[in-house]
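Asks:
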Amino acid sequence: MLRYIGQKYEAILATIIEKEIDENPSNAKRELINNITTSLIDASIEKYKTNKYGHVSTATDVNEYDKFWNDQNFKQEFEQDTPPLSENIEVEMNEERVSPIDTQVAIPKPREHFLDIFVDKLISKLVTERLPEREQLADRILLPTDNYQQPISATTLGSNFGKLGSNLTTLFDLQESIIRLITWRAPSATITLLILLTFFINYPLLTLLIPLFNLLFRNMIPSYLHRHPSNLKKYPIKIIYGRSLIEDVTTGGPSNAWHPKSDFGKNDLPSSSSEATYDSPNIINDRTSQVSVQNSNSSVEIVANLRDLQNVTSSLVKLNEELEKFFYGLAGFKDESQSTLLFFICFISLFASLGLFYNINWPMFLITTIWTFMIAIHPKIKPLLINFIKIMLNKKKNNNTKNRRFKHLVILDEQPEEQYVEIFEIYKKGITSYQWNLCVFSNQIYDPDDTVRKLEDPPHGVPTLEDITPPRTWTFDENSNWEIDKDAAGWIKENELTLFANNDFAMDEEYKRRRWVRKVLRYAKPARKPQT
Amino acid sequence: MPDSSQRQNKNGIYRPRFVIPHTQKSSLTMITPNELTKTLFKFYPILIMLECTLNYALWINDDLCLPFIHLILFCLISELFNKSNEEQTYLQYSILEVLSKNIAFLFKRWIGLVSACILLCSSFYYISTVYEDINSYEKPTLDDIVIVLESVLNKLEIIKNESLGKRIRVSNFKTFVKLLFILTPLQFTIFKYISTTTYVTCFIILSLIYYSIWFQAMLKLFWRMIFVRRMYYFASSIFSNNNFPIGKTLCMEDVVKYEPLKFQVPFSKTINLMEKSAAKEILLKLYPIASDLPKLKLDLSPSQSINIIELKIIEKQRRWGVDDWDNYMLPSDGYTFSINVNDSPKKIENPIHLNILKTNDWEWLDDNWVISDWCYSDSNWNYIGNYESLETYTRFRLWKKRLYQS
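Pasting the structure below:
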């Protein structure tokens, strides 16, 4: 099939080319046409490939990506759930989607447009010589180095900007929040900023510890709290009485008309994000157009600049991915014992550096660190060092006793989360009034107001209790079993139903049902994942 | 409930739904006596202030900067009590230097005074605005008051559960003296290196952030570190009276010396004269391995009875990962293998190594160990059930074998 298409294209194009050559027998033009044709064929073959194998390749891509995000606490659940990719709607009590993976998997990757591929191929055909490095561009010396060579591609560049787009929103949010702080729209935050600035101006070198502090208390602790939320309940308190003196003084009292309270907070957020989304393409366009305007005198320079821009964005995307893997993986309590260890090490180092702060000769320390770092990454020394580290690591791996000791550093024995699930055993009335036939075990009550029943569908469910799977990320408590809720009147009242209770059963004219309850357990909520 | 959750999945996965606790309660307005409502209404401002204070303590306000500012103000008050160190050495400095030092000192005092004033005014302002707001807004219903009350109770409950040092408790005079002896030199050394202002500042900061969710999460993370637990158990063992005994590992020679383990069963004297193997056979017939021995306190003469020890060894294990059970224990767990003598656990060797008897007059009655099923328990060894689940972090079982005195 592939060959057939290739041959077909070649046959058609050969005739066109011959015609063209006859008309304009110029060498340069023939080369151009040749390039165009070959790129057209290449593009069509690639397009055919993606059409045929596109689904498979994207699925494996996503799976490879996902394997990293598999949570160590939910092993069985993942094994169980890998086949059903379609089943991804999960309604939790907290009204929260638990499985962003499945949504990821379910959405097929958009296919590349034929024109994109064609343009890519064309560029690579037209720019056959290797592009000069930036530092050599002025001298026009074409000395290629292998590790910096990357073909330019419109699709790569575009997708890079797409991937960076989500990070640009945070940048614009930051800009918005800075404006909010400067204009005293959130007075308490401004005062906090002033206090912090005063502190850091007094102890400027402490700013070096801010990243570590941020990692500990703005990334790791929230990740932990996401997995193990505190049992603080939210009560619907309507009115907040009393005001803060500081707030009132700085805003000019409660009757301040400049910025009413409801104005900031809720209303500012969407506007900032929408601004950001409007802004981002403009900025990108600005950058690319600037680049092109500056270097319009030479076509090689344009392509080189584009290549460099692509390289910058590619490395940014890669850096972003690695950072995400770190912040949501190792520092995000995906593997709880490793993250706990990391937290502890960071905490100790934070406080050790705070304690040693005045005893360290900081300039000397920084100078030695920078010198050692730069020497270590010297191209001749770096491989030697890497070799040395590899040998050391291999030695460590041989020591199994050390692994055992590592295992016994951290203990995870928190009380798991407890929840109860319910299922309804539904019977249908037979021919006589005493005969009831078991229909299904359903998660719906199937009362006369039920939507399924109104459609005159039979109740959905499974024939036995054994067929029921616990909710996603939860497991059944092995030490408890399904139990019948004896208080039928109680749960009828709680659910505000129009059924009448008869022993364990809640009855209507046609159906009766009883409620089974079982305990489910979960060690922790699934770890946070980056938003895609 | 979306429609798709009702349908059975293609792969046969069908999930139950969660039991939703119905917090919506019927209104109390009509059924509560008037007097009670009145009292609760009078109590309402205090309740609101308590709620606000608890929010500050737990750091769960909407605006987290405000508690931070108050924290800084609290810390700055300690400047009021800061002593000037350079009082005696004035002569060494020039007038300008003395002036600048004095100005700096005065400035600090002034800052302390101002922050104290701001805090005081702030709290008065808050109290007055609470009363003002209650009078100006529409009157709260009884349900509103009850919701605030429940919220306060929930927060108090959390504070109670999260308080540290449940094991270290000064219950009697002895522990008080111990505490005094340990903490006095500790405080003394701290004051040698840290000024009073720093000490007070640190104390204020710690007490104000202790119940914040971040600090509590941090403590919980620390509690996962084994060596932190070891230190804590060590500290608690100093103050508590029931220290963990560090005894030697018992072997069979030691076991047969324990009188409380032995008990007499009726046995004919004539059989005593028989060969060892024959005696054992008859004994086994009389007292089969599965049956319980008659544990009676009989006054039998040695000729009419025989001494038997029923060795019950408890084996403990802890879970260290997914399906990773291990004999490695925490200090609070006791020993991996132990026997109970007079209700106190004694460390004993692994029963597999106990099969060879070195004593002359004692013989094994049973040939093999009878091993019970595992019983699963939570991290503090409270029995949960016979099956492993997410709740179970520890497990224990019984090894049984009998000895008799020939």
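In order, the protein sequences belong to chains A and B.
Note that UniProt numbering gives residue 338 to position 338 of the first sequence, counting from 1, and the numbers run on in steps of one.
Note that UniProt numbering gives residue 270 to position 270 of the second sequence, counting from 1, and the numbers run on in steps of one.
We put the beta carbon where it would ideally sit given N, CA and C, even for glycine.
1. Can you give the Cα-Cα distance for Pro-339 (chain A) and Leu-330 (chain A), rounded to whole angstroms?
2. Return yes when the Cβ of Val-517 (chain A) is within less than 8 angstroms of the Cβ of Glu-422 (chain A), no when it is not.
3. What does Ser-188 (chain A) touch in chain B if you count any residue whose Cβ is under 7 angstroms from its own?
4. Rounded to the nearest angstrom, how far is the Cβ of Arg-402 (chain B) from that of Glu-310 (chain B), given a contact under 8 angstroms?
5. Is Lys-512 (chain A) buried or exposed, if buried means 16 or more other CB atoms sit within 10 Å of its CB?
6. Return the residue from the list B:Asp-323, B:Trp-325, B:Asn-350 and B:Gly-321 that minimises the CA-CA distance to Tyr-335 (chain B).
7. With 8 angstroms set as the bound, which would you pick, yes or no: does the beta-carbon of Leu-469 (chain A) sit closer than that to a beta-carbon of chain B?
8. For a cutoff of 8 angstroms on Cβ pairs, would you count Val-98 (chain B) as touching chain A?
9. Mark Asn-443 (chain A) as exposed unless 16 or more other C-beta atoms lie within 10 angstroms of its C-beta, in which case mark it buried.
10. For Arg-227 (chain A), would you say it is in contact with chain B, using Cβ-to-Cβ distances shorter than 8 angstroms as the test?
11. Can you list, in chain order, the residues of the stretch 228-251 of chain A whose Cβ is nearer than 8 angstroms to any Cβ on chain E?
12. Whose Cβ in chain B lies nearer than 8 angstroms to the Cβ of Pro-383 (chain A)?
13. Excluding five sequence neighbours on each side, which residues of the same chain lie with their C-beta closer than 7 angstroms to the C-beta of Tyr-393 (chain B)?
14. Span of the alpha helix (DSSP H) holding Glu-456 (chain A)?
15. Using the Cβ count rule (16 or more neighbours within 10 Å means buried), how would you classify Val-148 (chain B)?
16. Can you tell me whether Ala-501 (chain A) is helix, strand or coil according to DSSP?
17. Hey, how far is the Cα of Asp-144 (chain B) from the Cα of Ser-223 (chain A)?
18. At the level of alpha carbons, what is the spacing between Ser-372 (chain B) and Tyr-387 (chain B)?
19. Name, going along the chain, the residues of the stretch 475-504 of chain A whose beta-carbon falls closer than 7 angstroms to a beta-carbon of chain B.
20. Flag this pair as yes or no: are the beta carbons of Ser-244 (chain A) and Tyr-126 (chain B) separated by less than 8 angstroms?
21. Which same chain residues, not among the five before or five after Arg-453 (chain A), have their C-beta less than 6 angstroms away from its C-beta?
22. Tell me the DSSP secondary structure of Met-220 (chain A) in three-state form.
23. CA-CA distance, Leu-168 (chain A) and Pro-448 (chain A)?
24. When you compare only the Cα positions, how much space is there between Ser-406 (chain B) and Tyr-376 (chain B)?
25. Please check if any C-beta of chain B sits within less than 8 angstroms of the C-beta of Asn-282 (chain A).
26. Relative to chain A, which residues along the stretch 129-153 of chain B have a C-beta separation below 8 angstroms, given in chain order?
27. Give me the Cβ distance between Tyr-241 (chain A) and Val-130 (chain B), rounded to the nearest whole Å; I'm assuming they're in contact under 8 angstroms.
28. In the DSSP output, which residue or residues are listed as bridge partners for Ala-506 (chain A)?
29. List in chain order: all unbroken alpha helix (DSSP H) runs of 4+ residues lying wholly within the stretch 333-412 of chain A.
30. Indicate whether at least one CB of chain A lies closer than 8 angstroms to the CB of Ile-226 (chain B).
31. Would you kindly check if the distance between the Cβ of Leu-365 (chain B) and the Cβ of Tyr-328 (chain B) is under 8 angstroms?
32. Would the stretch 196-216 of chain B and the stretch 70-80 of chain B be scored as touching if the rule is three or more Cβ pairs under 8 angstroms?
33. Have a look at Asn-43 (chain B) and Phe-215 (chain B) and give me their C-alpha separation to the nearest angstrom.
34. If you drop the 5 nearest sequence neighbours on each side, which residues of the same chain put their C-beta closer than 8 angstroms to that of Leu-390 (chain B)?
35. Take every Cβ of the stretch 209-224 of chain A, pair it with every Cβ of the stretch 335-352 of chain A, and state whether three or more of those distances are shorter than 8 angstroms.
36. Report all residues from its chain with a CB closer than 8 angstroms to the CB of Ala-489 (chain A); omit the five preceding and five following residues, and keep chain order.
Replies: Here's the rundown:
1. Pro is not the amino acid found at residue 339 (chain A); the sequence shown has Ser there. When rounded, the distance between both Cα atoms is 6 angstroms.
2. yes
3. Asp-63, Cys-65, Leu-66 and Ile-69
4. 5 angstroms
5. buried
6. B:Asn-350
7. In the sequence as presented, Leu is not what sits at residue 469 (chain A); that position holds Thr. Cβ-Cβ to chain B under 8 angstroms: yes for Thr-469 (chain A).
8. no
9. buried
10. no
11. Absent from the structure is chain E; the protein chains it does hold are A and B.
12. By Cβ distance, chain B contributes nothing, its closest Cβ being about 37 angstroms from Pro-383 (chain A), past 8 angstroms.
13. Arg-318, Arg-319, Asp-378 and Ser-379
14. Careful: Glu-456 (chain A) lies outside any alpha helix (DSSP H) and carries neither H nor E.
15. buried
16. strand
17. 34 angstroms
18. 13 angstroms
19. Thr-475, Asp-477, Glu-478, Asn-479 and Glu-494
20. yes
21. Tyr-446
22. helix
23. 52 angstroms
24. 38 angstroms
25. A caution first: Asn-282 (chain A) carries a pLDDT of 42, below 50, which makes its placement in the model too unreliable to give a value.
26. Thr-129, Val-130, Asp-133, Ile-134, Tyr-137, Pro-140, Asp-144, Ile-147, Val-148, Glu-150 and Ser-151
27. 5 angstroms
28. A:Ala-501 and A:Arg-513
29. 336-355, 362-376, 381-398 and 400-407
30. yes
31. no
32. yes
33. Residue identity differs from the one stated: residue 43 (chain B) is Phe in this sequence, not Asn. If I take the Cα positions, the gap works out to 32 angstroms.
34. none
35. yes
36. Ala-501
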